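Chains A and B supply the protein sequences, listed in that same order.
Just so it is clear: in the first sequence, position 76 is 75 by numbering that gives the first Met the number 0, and no numbers are missing.
Just so it is clear: in the second sequence, position 61 is 60 by numbering that gives the first Met the number 0, and no numbers are missing.
Quick reminder that beta carbons are idealized off the backbone N, C-alpha and C, glycines included.
Computed from a predicted model, the values in this text were never measured in an experiment.
Note sheet for the following structure.
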Amino acid sequence: MTARLSCALLVVVLAGCATTDRVILLPDDISGKVGKIDVVGRDGGEVLLDSAYGEARAGGGKVQGDTLDTESLRKEFGKELANLPQRPKSFLLYCVNGSDQLTPESRDQLPAILDEVAKRPAPEVVVGGIQRQAVAGAGAGSARPADPARLRSGAHRRGRARRAGTAGAHR
Amino acid sequence: MNQRTRPRYRVFKWLLLGVAFAAFGAAADPEVAGIIKSVEGSVTITRADASLPAQVGMPVYQADRVITGADGSAGITFEDNSLLSLGPSTNLNIDRFAFDTTTYDGAFEITLGKGKLAVISGKIAKHQQDAMKVRTPASILGVRGTEFVVEVGGAK
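Set out below in structure tokens:
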């Protein structure tokens, strides 16, 4: 029994040694900004990544810092990076003061918005509203600017309606 | 005129529902954490005891596990605009997801059991330090932004 247990323990320890978990921090592909990641080893050690292509390797009771060259990054993670979903896109639409009609400039944006929606797989539309005046009727204003009756057709009606209803105070 | 009043009514209805959920406890509505935006090869979602083939447009929830086969990959957009891309032979668990669309408060915790993951973090990580965590077998990552890749079980 003891022998069997120690065998099992040995296997676990070996397996633990074999895995190395890696994290590589990248510059934002649009702004070029670099964030921060605090990498804490489960068995001790800690590395703070805060520079572009900084790499942390955790395993065997320690965390090591390093830097990965962009060539290796492309080779090892190129497919995952290429498969990231498209970033969301925002449009600002304005209504004519005191009415529920879009300004002509905002109305002109609608085809571009609909094109964007049509282009994306499983599109979601979130309508947020900024209400500068009336307190009464809150919510109605948030749904008006983007002609929701048209944008809401499609597979995610429920999600959109839910989000439109709660997104009244967006930004 | 009718057409114009309809959106107002609809939004109002959802606001009312929101109030109802707040009153009776949010547990009644399982909150959608994200939507699957791309699927390649074999990808399955394990939810409770069920195993579902992943499809584009499918919602994912807290406690779901996303598993890709040797030929598989998947892209998911989360409600806070975090973007995730899973490589082949990858196993990802959504431990916790909560997001307030008004205050941006929330929590986003995932575990990468094996495989490769690329991430662009969203509003949760930006708004609140320590709100986004990625666990791997050997480490815990406190993410303060923004773009990064993780690999578990690498040869090196």
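Measuring only from the beta carbon, is I75 (chain B) closer than 7 Å to any heavy atom that is part of the ligand PLP? This structure lacks the ligand PLP, and indeed carries no ligand of any kind.
Return no unless some Cβ of chain B is closer than 8 Å to the Cβ of R41 (chain A). Yes - at least one Cβ of chain B is within 8 Å of the one on R41 (chain A).
Please determine if the segment 121-130 of chain B and the segment 50-65 of chain B are in contact, where contact requires at least 3 C-beta pairs separated by less than 8 Å. no
Note down, in chain order, every chain B residue with its Cβ under 8 Å from the Cβ of K88 (chain A). Simply none; closest approach about 11 Å.
Check the C-beta distance from P89 (chain B) over to K113 (chain B) and give it rounded, since I have them as a contact under 8 Å. According to the sequence provided, residue 89 (chain B) is Thr. The question's Pro does not apply to it. Their Cβ separation, rounded to whole angstroms, is 7 Å, which keeps T89 (chain B) and K113 (chain B) in contact under 8 Å.
Suppose you measure from the CA of R143 (chain B) to the CA of V46 (chain A); what does that come to, to the nearest Å? 14 Å
Starting from T102 (chain A), trace the alpha helix (DSSP H) both ways and give me its first and last residue. First-last for T102 (chain A): undefined, no H or E at that position.
Quick check: is the beta carbon of T135 (chain B) nearer than 8 Å to any beta carbon in chain A? yes
To the nearest angstrom, how far is the alpha carbon of P103 (chain A) from that of V95 (chain A)? 9 Å
Run through chain A and tell me which residues come within less than 9 Å of R95 (chain B), C-beta to C-beta. Correct list: empty, because the minimum Cβ distance to chain A is about 18 Å.
Would you tell me roughly how many angstroms separate the C-alpha atoms of G64 (chain A) and T135 (chain B), rounded to the nearest one? 17 Å
Per DSSP, the bridge partner or partners of R21 (chain A): Beta bridge pairing from DSSP links R21 (chain A) with A:R56, B:E150.
Any idea what DSSP makes of A111 (chain A), helix, strand or coil? helix
Under the three-state DSSP convention, the category F76 (chain A) falls into: helix
Look at Q61 (chain B) and I35 (chain B) and say whether their C-beta atoms are less than 8 Å apart. no
I need the DSSP call for E30 (chain B), collapsed to helix, strand or coil. coil
Any Cβ of chain B within less than 8 Å of the Cβ of K118 (chain A)? no
If you run the structure through DSSP and keep just helix, strand and coil, what is E108 (chain B)? In the structure shown, E108 (chain B) sits in a strand (DSSP, three-state: E or B).
Measure the alpha-carbon distance for P87 (chain B) versus D70 (chain B) and round it to whole angstroms. Taking the straight line from one Cα to the other gives about 6 Å.
Does the beta carbon of K78 (chain A) come closer than 8 Å to any beta carbon on chain B? Taking a beta-carbon distance threshold of 8 Å, K78 (chain A) counts as an interface residue toward chain B.
Give me the residue from B:T43, B:V42, B:V38, B:D48 with the minimum Cα distance to V55 (chain B). B:V38
Starting from the C-beta of L67 (chain A), find all residues in its chain whose C-beta is less than 7 Å away, skip the five residues before and the five after it, and write them out in chain order. I23, Y52, E54
Compare the C-beta of S88 (chain B) against all C-beta atoms of chain A and say whether one is closer than 8 Å. The beta carbon of S88 (chain B) sits no closer than 8 Å to any beta carbon of chain A.
8 Å is my cut-off, CB to CB: does S41 (chain B) come that close to chain A? no
Quick one: using the 10 Å Cβ neighbour count with 16 as the cut-off for buried, is L85 (chain B) buried or exposed? buried
Give me the Cα-Cα distance between G105 (chain B) and M57 (chain B), rounded to the nearest whole angstrom. C-alpha of G105 (chain B) to C-alpha of M57 (chain B): approximately 22 Å in a straight line.
Is V42 (chain B) closer than 8 Å to A73 (chain B) when the C-beta atoms are compared? yes
Reference R172 (chain A), options A:G58, A:R73, A:G97, A:R86, closest by Cα: Look at the range of chain A in this structure, 0 to 170, and you will see that residue 172 (chain A) is not part of it.
Say whether chain A places a C-beta atom closer than 8 Å to the C-beta of S84 (chain B). yes
Of the listed residues A:V116, A:L25, A:S50, A:R21, nearest to S89 (chain A) (C-alpha basis): A:V116
How far does the alpha helix (DSSP H) with K122 (chain B) in it reach, from first residue to last? Bounds of the alpha helix (DSSP H) holding K122 (chain B) are 122-126.
Proximity below 8 Å, CB of G44 (chain A) to CB of V62 (chain A): yes
T100 (chain B): buried (16+ other C-beta within 10 angstroms of its C-beta) or exposed? Buried, since its Cβ has 16 or more Cβ neighbours within 10 Å.
Going along chain A in order, which residues have a C-beta closer than 8 Å to the C-beta of M143 (chain B)? Sequence check: residue 143 (chain B) is Arg here, not Met. In chain order: G34, K35, I36, D37.
Since K36 (chain B) meets chain A, which of its residues come closer than 7 Å, beta carbon to beta carbon? P84, P120, A121
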